[in-house]
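Residue numbers (this note's numbering): 2 to 341.
Backbone N, C-alpha and C fix where the C-beta goes; we use that ideal spot for every residue, glycine too.
Everything numeric in this text was worked out from a predicted model, so none of it was measured.
A short worksheet on the structure shown next.
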Ligand SMILES: Cc1cc2nc3c(=O)[nH]c(=O)nc-3n(C[C@H](O)[C@H](O)[C@H](O)COP(=O)(O)O)c2cc1C
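Written out as structure tokens, the structure is:
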């Protein structure tokens, strides 16, 4: 099976396919009169007209057209699109052809430029489109005057998805690192990400020291007991000043937590691995204080965390994470509302 762009010479075959599908599949959900009225409009001329302002595709197998679908602008909107005329021949339904057609349409330039894609969906097509991630527009789950559901999907652009992927793929890495040095430009970019984090009343209580000098790194690693990140070629040490943001409110912990997460994301985005080592160095044995002394950190700063930076030698392990529904809800605690 291939999916290709519609050509004018396909108009008759597409019309036949649509009419056959309506007569065999859609008729189960609608009155015969309604379907016969619809069939009258599904002429080869109608297909040519539709193809004149949409990007129309057909699924072809052994020379026969077995599916079709189109995408075009949603009215005159530049950033919204609509899917039209999605049909799969009854003999080929359930074989992934509908999915392949919708995935093709979602890669079309009308989809890529859109932040929202709408589908006027038949009762027959509803479960399929829901499986493809489309939901009731404005949460209206009733049929319109044409007997169709209005479904929609909000698209995430490639840049937005890449950003989300960095966040979702960050892991605590505790394995060995490759010996490759981390360029200063990258360490600087990571620290800039840390300093860009929000801080309570903008007090900017977090400071950072990147360590990439091998001799200094060895001295630090020698005091970390039990040892962690022994092979990391660089490390960022996080310092905090416990100063109040206002009245007696000190947000230093929140400030450095935000800075650390920003840095972990920057580390991930740049292709490195790390781990938030805080519990390990701030326990009763006060390893952080020993590292602070090696780095000549003044008394009014506390060294609270070390972040190794380097290229991983192995895959990070995925910890158990609770399901979304166990920890996040819409409009009230443990509400069972749908996610999309
Ligand atoms: C405040 C804080 C302290 C942490 N301290 C340590 C630590 O001392 N040693 C360690 O191996 N991991 C430490 N971690 C990492 C957590 O164990 C890790 O984030 C958690 O197991 C979830 O795994 P993930 O980061 O891959 O999602 C710390 C994380 C946080 C937020």
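Burial state of residue i (16 or more Cβ within 10 Å)
i: residue 338; result: exposed
i: residue 169; result: exposed
i: residue 234; result: buried
i: residue 46; result: exposed
i: residue 316; result: exposed
i: residue 143; result: exposed
i: residue 103; result: buried
i: residue 334; result: exposed
i: residue 165; result: exposed
i: residue 274; result: buried
i: residue 254; result: exposed
i: residue 285; result: exposed
i: residue 127; result: buried
i: residue 258; result: buried
Close-in-space but distant-in-sequence residues of the same chain around residue i (CB under 8 Å, 5 per side omitted)
i: residue 205; result: 196, 256
i: residue 147; result: 121
i: residue 138; result: 119, 151, 152, 153
i: residue 105; result: 4, 58, 70
i: residue 36; result: 23, 24, 27, 28
i: residue 190; result: 267, 271
i: residue 325; result: 340
Of the listed residues the options, nearest to residue i (C-alpha basis)
i: residue 203; options: 219, 223, 260; result: 260
i: residue 38; options: 319, 20, 129, 114; result: 20
i: residue 130; options: 143, 153, 110, 144; result: 153
i: residue 361; options: 194, 216, 244, 209; result: There is no way to answer for residue 361, as the model of the chain reaches only from 2 to 341.
i: residue 117; options: 132, 158, 36, 163; result: 158
i: residue 134; options: 100, 167, 161; result: 100
i: residue 163; options: 327, 340, 271; result: 271
i: residue 9; options: 320, 44, 141; result: 44
i: residue 7; options: 41, 328, 65, 34; result: 65
i: residue 226; options: 160, 96, 250, 281; result: 281
i: residue 113; options: 132, 95, 160, 326; result: 160
Own chain, CB closer than 7 Å to residue i, minus 5 neighbours either side, in chain order
i: residue 222; result: 228, 231
i: residue 211; result: 188, 192, 235, 237
i: residue 90; result: 18, 21, 22, 67, 68
i: residue 115; result: 80, 81, 82, 156
i: residue 48; result: 12, 15, 16
i: residue 279; result: 305, 306
i: residue 218; result: 212, 236
Residues of its chain near residue i, where Cβ-Cβ distance is below 6 Å and the 5 sequence neighbours each way are ignored
i: residue 125; result: 26, 27, 30
i: residue 208; result: 240
i: residue 246; result: 201, 202, 204, 252
i: residue 276; result: 173, 174, 175
i: residue 61; result: 3
i: residue 336; result: 330
i: residue 318; result: none
CB of residue i within 8 Å of CB of residue j, strictly
i: residue 92; j: residue 59; result: no
i: residue 220; j: residue 295; result: yes
i: residue 186; j: residue 263; result: no
i: residue 283; j: residue 305; result: yes
i: residue 303; j: residue 243; result: yes
i: residue 252; j: residue 173; result: no
i: residue 224; j: residue 307; result: no
i: residue 171; j: residue 269; result: yes
i: residue 145; j: residue 183; result: no
i: residue 149; j: residue 123; result: yes
i: residue 98; j: residue 2; result: yes
is_contact[residue i, chain B] using C-beta, thresh 8 Å
i: residue 258; result: Among the chains of the structure shown, chain B does not appear; only one protein chain is present.
When the Cβ atoms of the stretch 48 to 55 are set against those of the stretch 22 to 34, are three or more pairs found closer than 8 Å?
The answer is no - the stretch 22 to 34 does not touch the stretch 48 to 55, with fewer than three Cβ pairs under 8 Å.
Count Cβ pairs between the stretch 303 to 321 and the stretch 170 to 186 that sit closer than 8 Å; are there 3 or more?
Three or more beta-carbon pairs separated by less than 8 Å link the stretch 303 to 321 to the stretch 170 to 186, which places the two stretches in contact.
Within 8 Å, do at least three Cβ pairs link the stretch 102 to 122 to the stretch 69 to 82?
Because the criterion of three Cβ pairs below 8 Å is met, the stretch 69 to 82 and the stretch 102 to 122 touch.
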